[in-house]
Every structure is written in C-alpha cells, then in structure tokens.
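Protein chains in written order, with my numbering: chain A, 1 to 335; chain B, 336 to 620; chain C, 621 to 852.
Right, dumping it as structure tokens:
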C-alpha cells in the first residue's frame with residue numbers, strides 16, 4: 001500500500017518500477033494486437049450514436065496522451081504538467097498551418113507535432129540544465145501550460161480565442177464522420193504502444209530505466225542522463241502533439257478548454273496513475289476505465305468533481321502504484 | 336506611476352498573505368497543500384452563509400476564521416495521516432495528490448450546492464488618500480489588516496516560546512525532538528493557523544473584489560507560484576515575492592491589458608524560478 | 621538510574637545491536653567504547669527513542685521508556701547530544717539555548733551557569749548557530765542539552781571533528797558537570813579522554829557488548845589496550 005512509496009533517488013517515487021521488458025517480439029506484439037482487436041469492436045456496439053462515438057474517440061485520444069505522458073514521466077521521471085499544452089501546440093499549430101497558412105493537411109500535422117516535440121525537448125533540457133527536481137519541473141511546466149492557455153486567449157485573431165477555432169480543412173473528409181476517426185485514433189494508440197514497447201526493449205529503454213532508478217549510477221555507467229531525458233521528452237511530446245492535432249481535425253472545433261490543464265493534464269495523470277505508471281498498458285486501461293466513469297457520472301453535474309476527488313484519494317491511498325502493478329503483485333503473492 | 340506602485344503593493348500583500356500560509360506548511364511539514372484555495376473559499380462561504388442567516392459582518396467573519404481553522408485541523412486529522420508516515424519527496428508527492436483530491440471534493444461540493452455565491456464585504460466611505468493618491472478604501476483596509484497580521488505573525492515567531500519552537504522544527508526536526516518538541520503537534524498547530532490565514536485571505540480579498548465560489552483553484556495556483564518564487568518554506572520570501580509580483584502585475588496590466596500582463600507575470604515567475612530555484616529568500620539546498 | 625536489558629534494534633537490513641544490557645547509576649560517568657560501525661550510535665538512538673527497538677527494555681528512574689518517542693523521553697530528564705548535534709542553524713546561540721529549556725522558559729540562573737561553563741558562547745550570543753566553528757557548535761549542543769537541567773546527559777562521540785585542545789576542554793567541562801552531580805553516559809572513539817572521565821565502561825563490538833568493567837580494569841585489559849589505546 002503506502003509502503004510501496006520508497007524514498008528512492010527523487011524521481012521514481014510514485015507508481016513503482018517499469019516492468020521487465022519481454023524477451024521476444026511476439027510477446028510484445030500479441031498483447032497489443034489483442035487490445036487493438038478488443039477495442040475495434042466498440043463501434044459495433046456504439047456506432048449508431050454520434051455522441052457516444054465522440055466519447056469513444058475522446059477516450060482513445062486520452063489514451064494517446066497517457067502513453068505520451070507515460071513515456072515522459074513513467075520512463076524518466078520528469079513531471080511535465082503541460083500535457084494539454086503540448087497537445088495543444090499540435091492541435092492549434094496544425095489547425096493554424098492548415099487553415100490560415102494553407103499548408104497541406106498532412107504537412108501541417110507533421111510540422112505541428114514536430115513543434116510539440118521541440119518544445120517538450122526544450123523544457124526537458126531547461127530542467128536538466130538547471131537541475132530542477134520533480135516538483136520544480138512540475139511548476140515550470142505548469143507555468144508553461146498557463147502561459148500557453150493565456151496565449152491562446154490573447155492571440156484571438158489567429159486562434160479564435162475564447163470562441164474557439166472552427167477548422168475548415170478536412171471538413172468534408174472521412175475525418176469528420178462518425179466511425180473512421182475512431183479507427184484512426186485506435187491505430188495511433190496501437191502505434192504509440194508499439195513504439196513504447198520497442199523503446200523499452202532497446203538500449204534507449206535500458207538507459208531510461210537506469211537513469212530513473214539512480215542518476216548517479218547511470219552517469220557512471222556511461223548514460224548521458226541529460227540526453228536521454230531530452231529524448232524521452234521529445235518523443236513523448238511528439239506523441240502528444242500528434243494526438244492533439246489528429247483530434248483537432250476529427251473534432252472540427254477546438255478551444256482553449258480542449259487543451260486546458262484542468263481538462264487534459266489532471267485527467268491524463270489520474271488515468272495513468274490508475275493504470276500504472278511505467279507499465280505498457282496502464283495508460284490504455286486507465287483511459288478506458290475513466291472514460292467509462294466519466295460517462296457514468298455525467299449527469300451529476302458539478303458533483304462530478306466531488307466523485308473525482310474521492311476517486312483520486314482512494315486511488316492514491318489504496319492502489320498507489322496503479323492497477324496493473326498491484327494485480328501483478330497479488331498474482332505473484334498467490335503463487 | 337505612484338498609483339500603480341501602491342496598487343501593486345496592495346495586490347502584492349494579498350499574494351504574500353496567500354502564499355505565506357502555503358509556504359509555512361511546506362517549510363514545517365514538508366507537505367504541499369493543494370486544497371489551500373478551497374480552504375479560503377470554504378471559509379468565505381461560511382461568512383456568506385452566516386450573513387445570510389442574519390449575522391452582522393464582524394461576527395460572520397469570525398465564523399469564517401473559525402471555519403478555516405477547523406478545516407486545517409480536519410486536514411491534519413484525516414487526509415494527512417498517511418502522508419506523515421512518509422518522508423522527504425515521497426511525502427510531498429503524496430500530500431500533493433491527496434490534497435488535490437480533497438480540493439476537487441470541496442470544489443465540486445461547493446460549486447454544486449452554491450453555484451452562484453460570492454463573498455463581498457463593503458467598507459463604507461469614499462476613497463482614501465495615501466501620499467497624494469486616491470485609493471479604494473477597501474483595498475487600503477485590506478492592506479492594513481494584512482500588514483497587522485503579518486507583523487503579528489513575525490512577532491509570534493520571533494518572540495514567543497511556541498513560535499520559536501515551531502521555527503526550530505523547520506530548522507532541524509531531529510534537533511527539535513531532542514529538546515522535547517513534538518513535530519506532529521507543531522504541524523497541527525500550523526495547519527490550524529494556515530486555515531485561519533486562508534480564511535483571512537478570503538476576507539481581505541473580498542474587501543477589494545468578490546470572492547466567488549469558483550475561485551479556489553485560481554487562488555491555489557497563485558499561491559503556489561508566489562510561494563515557489565519566494566522560496567519554499569520562507570514566509571519572508573513569500574511576502575517579498577508577493578509584493579514584487581503584485582507590482583509587476585499592476586504595471587503590466589495598466590499598460591498592456593490583462594491577458595498579456597498575466598503572461599508576463601507567469602514568465603517573470605518562471606524566469607525567477609529558473610535563475611534561483613531556491614527562491615528569493617529560500618535556503619539553498 | 622538507567623537500566624537497559626536485552627536491547628535489540630536495527631534497520632531494514634537487519635539488526636545492528638543485539639541483546640545489549642548495561643546500567644548507569646546516579647552520579648556515575650559511564651562510557652561505551654567501540655570502533656566505527658560497532659553500533660554505538662544505533663544503541664543510543666534505540667535507547668533514546670529515535671529508533672524503535674525490536675526487543676528489550678529500557679528503564680529510567682524506575683519507569684519503562686522503551687518505545688516512547690524521542691520528544692517524550694527528552695522531557696523526562698534525559699538530554700541527548702547526538703554526533704550530528706542537530707542545532708538550529710539560522711537561529712541565534714541565545715535562541716538555541718532558550719529552546720533547550722522547552723517547554724519552559726529558560727531559567728536565567730541555568731543560562732548563567734551554562735554560559736559560565738562555555739564563555740565562548742557568551743561572546744557569541746547573537747551569532748547564528750550555523751556560522752560557528754565545529755568546536756563552538758559542540759559547546760552549544762552541550763549547552764542546549766543542559767538548559768533543561770537534565771538528570772542524565774547522554775553524548776554520542778562529542779569530540780567528532782574537534783581539535784585535540786578543544787576535545788580536552790570539552791571533557792574538562794564534562795568533569796566539572798559530573799562533579800556537580802550530573803550523571804553522564806558517553807559513547808566515544810577517543811578512548812583515553814573518555815577513560816579519564818568515566819567510572820565504568822562497556823566495550824561494544826559488532827553490535828554486542830564484549831567487555832565491561834571499571835575504567836581501571838579496562839585500561840589494563842590487553843585487548844582494549846591494543847584496539848583502542850594504540851598500545852601493542
């Protein structure tokens with residue numbers, strides 16, 4: 001329970017260790033394929049309702065966010081409280097490039113995701129340079145989130161400000177239909193999971209684990225801590241940007257609240273914490289569970305926050321490492 | 336120009352008082368209380384409800400202060416129990432998460448039950464003149480109260496045995512235990528104190544601008560940023576940072592407009608944190 | 621005055637001290653000697669409430685204190701000066717001493733006695749504790765411990781980091797205190813100094829008491845002479 005929190009060297013406190021990477025490629029591929037297969041059945045059940053499919057797409061988008069955040073925080077212990085902002089750079093960036101600047105859709109998405117990646121890497125680099133610990137990294141990135149949110153409001157001429165940005169590009173394509181966006185997002189989730197899985201099995205993944213467990217030891221072992229932190233942040237941020245921009249084009253309208261701290265970051269963190277920080281499928285599990293929970297408590301109005309708060313407290317008191325690691329422990333104890 | 340400076344100081348003192356409570360708890364107990372804004376709002380609502388029930392403003396404010404203190408005590412007795420079993424960074428992270436959950440619960444409940452309420456206290460009489468500048472009376476009164484409270488706190492911590500005992504726990508917890516001071520008891524006292532401070536912040540703020548039931552998170556984030564700029568654990572730093580940021584904010588707002596000035600404020604805060612992570616008056620680790 | 625029986629304690633890795641038993645009578649000065657890592661510090665922490673023992677009894681003036689928290693024990697008349705001192709660095713010498721008397725206000729007479737014992741502290745009353753030299757900090761730590769007028773003073777390696785002259789001065793002060801009735805328990809690596817002060821002693825090796833006796837007896841013991849007095 002709470003005793004699972006170890007003192008550790010700073011970063012790897014909440015959520016416990018990343019699980020041992022599987023040996024063979026098949027061991028990685030078939031669970032991902034299974035998850036993909038299961039999730040692809042959803043439209044069969046909800047496909048009639050545009051509203052419900054919208055919820056499902058949002059859920060998958062959050063799964064993407066959670067995988068990205070998992071890569072940044074779970075793998076290298078950098079508390080980035082700017083998930084929404086990085087996704088927003090992708091979302092608003094691609095929307096602006098496509099609608100206002102007139103670039104082709106695909107290029108806009110790519111460039112915007114690249115911008116997210118650059119910002120993510122930059123934030124990480126600054127944090128490393130100034131030796132910011134977990135909390136300070138969190139605060140600086142929180143400020144980044146707030147600045148980004150305010151910039152969106154302030155530059156209303158370009159971004160549409162409070163009223164939102166109605167995206168014209170892609171309006172008449174499959175992107176705005178009911179079912180295709182779901183499969184698009186699902187594909188993204190699976191690609192992200194695969195990327196994360198492959199990274200874990202590679203030298204890069206080993207470097208991540210090493211530096212998260214003990215920075216000093218990692219440096220001594222030849223791991224350039226700064227470089228790998230920035231790499232993790234760069235890749236994670238790219239994922240966030242990509243998901244953010246794809247979401248923008250499937251939604252058609254985005255506003256500052258689409259990528260706000262309260263709306264995105266808090267949700268993503270809770271989802272990941274629930275699923276299990278550092279695990280491969282934790283983000284997806286968390287996203288699915290919380291999307292369902294959110295739907296269930298939809299009618300409670302403002303009381304949703306109360307339920308949410310109670311869930312957070314319960315979560316961190318009793319299952320602090322997340323569902324997947326805790327289940328893993330239980331199974332191991334039974335043996 | 337002078338007007339902006341004075342307005343900035345008025346705002347800054349508010350920031351300082353707000354951050355002071357947060358930084359005290361962090362410095363003493365290594366606990367980050369993200370429900371701080373909600374504590375202020377809950378107290379404000381207690382005042383509103385008391386006034387609606389017929390109480391005159393001053394007794395209503397007293398009710399609010401008591402409510403704040405009780406909330407601090409409640410926090411210590413419930414949510415923070417599991418937190419105390421941890422040390423160092425684990426303690427900060429867990430306290431952060433649990434108090435965040437608490438913040439959501441309080442915020443959710445209040446905004447659901449009293450969605451439109453806000454606390455406004457009016458001080459009769461027109462503008463007051465300070466060194467040739469006409470200032471809103473409410474702001475001046477708020478500042479005077481804040482200065483009195485902060486002075487009182489300063490005297491308490493420097494001159495009284497209890498105050499010194501509390502400081503000693505911040506300085507060296509083991510050392511404090513060695514002379515017979517119980518850190519847990521001191522922390523409980525401080526939590527009650529910060530609860531009262533949160534209530535006070537809500538009350539003084541309401542003299543200047545209405546404190547809405549939704550203001551909770553905004554207050555917490557402001558407090559957090561001012562706290563970090565001033566140095567975690569330093570009340571003096573919190574006040575200094577508060578005044579500094581208050582002045583920057585007012586000057587920026589008067590020349591450029593709210594959104595942009597907010598951005599400038601945030602960037603200024605970030606730059607200060609990056610240049611000197613330990614804060615303006617914080618202890619270098 | 622102080623009786624310890626069967627005390628066993630340790631950290632997550634395992635027990636550091638095992639089945640420790642010793643006693644300190646009123647007015648005595650008793651030393652615990654042993655090399656680095658023998659467990660002296662853990663022993664004191666276990667006795668004084670900074671470390672929870674796994675088993676054993678500690679009785680002070682007839683009352684059991686094992687399992688009590690350090691801050692409670694501190695109020696029972698035992699003052700502990702740990703090796704790391706744990707002073708309050710940004711508070712003045714004056715304030716550090718004043719807090720020694722917690723929860724009471726500092727008694728002016730006691731304060732005078734302490735400052736007479738350590739004149740250097742009197743000179744630096746308003747100086748911040750963190751800016752003082754090692755020797756001065758040690759004096760302050762002892763002075764602070766004395767402010768509560770303890771019956772028993774426990775010191776863990778009080779000469780750590782002190783130049784020989786200052787170490788001798790420190791023990792001189794302890795001798796004076798013992799002379800006025802204070803009971804002293806000290807853990808020490810610098811055995812000759814402790815021996816000159818103490819009536820009796822115990823040797824701690826690898827977490828167990830290996831020898832005990834009066835100072836005179838221990839001084840003649842060949843193993844003690846070899847290991848701790850540097851005499852072959």
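For glycine and all other residues, C-beta sits at the position ideal for the given N, C-alpha and C.
In this text the structure is predicted, and so the values were computed from the model without any measurement.
- Across the structure, residue 830/C and residue 823/C are spaced so that their CA atoms are roughly 6 Å apart.
- Inter-residue distance for residue 155/A and residue 103/A is about 20 Å (C-alpha atoms, whole angstroms).
- For residue 625/C, the enclosing beta strand (DSSP E) starts and ends at 622–631.
- The stretch 166–181 of chain A makes contact with the stretch 91–103 of chain A: 3 or more CB pairs, one atom from each, lie closer than 8 Å.
- Going by DSSP, residue 639/C is part of the beta strand (DSSP E) stretching over 634–644.
- Between the stretch 342–357 of chain B and the stretch 569–579 of chain B there are three or more C-beta pairs closer than 8 Å, enough to call the two in contact.
- In this structure residue 746/C does not touch residue 716/C by the C-beta definition: roughly 11 Å separates them, more than the 8 Å allowed.
- By the criterion of at least three beta-carbon pairs nearer than 8 Å, the stretch 475–484 of chain B is not in contact with the stretch 495–505 of chain B.
- The beta-carbon separation of residue 708/C and residue 515/B, rounded to 14 Å, does not stay under the 8 Å limit for a contact.
- DSSP places residue 442/B inside the alpha helix (DSSP H), whose first and last residues are 423–448.
- For residue 150/A, there is no enclosing beta strand (DSSP E); the residue is part of the alpha helix (DSSP H) that begins and ends at 134–154.
- In the three-state reduction of the DSSP assignment, residue 776/C falls in the strand class.
- Nearest to residue 361/B by C-alpha distance, out of 611/B, 343/B, 567/B, 434/B, is 567/B.
- By the criterion of at least three beta-carbon pairs nearer than 8 Å, the stretch 216–230 of chain A is not in contact with the stretch 48–61 of chain A.
- For the 8 Å CB-CB criterion, residue 348/B and residue 530/B do not form a contact.
- Within the stretch 357–427 of chain B, the runs of alpha helix (DSSP H) at least 4 residues long that lie entirely inside it are, in chain order, 371–387, 392–412, 415–419.
- Residue 550/B sits in coil when the DSSP states are folded into three classes, being neither helix nor strand.
- Per the C-alpha coordinates, the member of 609/B, 495/B, 488/B positioned closest to residue 723/C is 495/B.
- In the DSSP annotation of this structure, the continuous segment of the beta strand (DSSP E) that includes residue 820/C starts and ends at 820–825.
- Less than 8 Å divides the Cβ of residue 561/B from the Cβ of residue 580/B.
- Interface residue (Cβ-Cβ distance to chain B less than 8 Å): residue 711/C is classified as such.
- Residue contact check for residue 442/B against chain A: a CB pair falls below 8 Å.
- Interface annotation for the stretch 497–520 of chain B against chain C: 499, 500, 502, 503, 506, 507, 509, 510, 512, 513, 514, 515, 516, 517, criterion Cβ-Cβ distance under 7 Å.
- Straight across, the Cα-Cα distance linking residue 469/B with residue 513/B is about 54 Å.
- Taking a beta-carbon distance threshold of 8 Å, residue 680/C does not count as an interface residue toward chain B.
- Around the C-beta of residue 308/A, 16 or more other C-beta atoms lie within 10 Å, and the residue is accordingly described as buried.
- Taken through DSSP and simplified to helix, strand or coil, residue 685/C comes out as coil.
- With a beta-carbon spacing of about 5 Å, residue 249/A and residue 175/A fall inside the 8 Å limit used to define contacts.
- Residue 400/B and residue 301/A have their C-alpha atoms roughly 30 Å apart.
- Collapsing the DSSP output to three states places residue 592/B in coil.
- The Cβ atoms of residue 376/B and residue 538/B lie no closer than 8 Å to each other.
- Residue pairing by DSSP places residue 469/B opposite 464/B in a beta bridge.
- The residues 803, 819, 820, in chain order, have a CB closer than 7 Å to that of residue 648/C in the same chain once the five nearest residues on each side in sequence are set aside.
- Selection 115/A, 137/A, 114/A evaluated against residue 125/A yields 137/A as nearest (Cα-Cα).
- The C-beta of residue 383/B comes no closer than 8 Å to any C-beta of chain A.
- Just measuring C-alpha positions, the residue of 596/B, 351/B, 553/B sitting nearest residue 485/B is 351/B.
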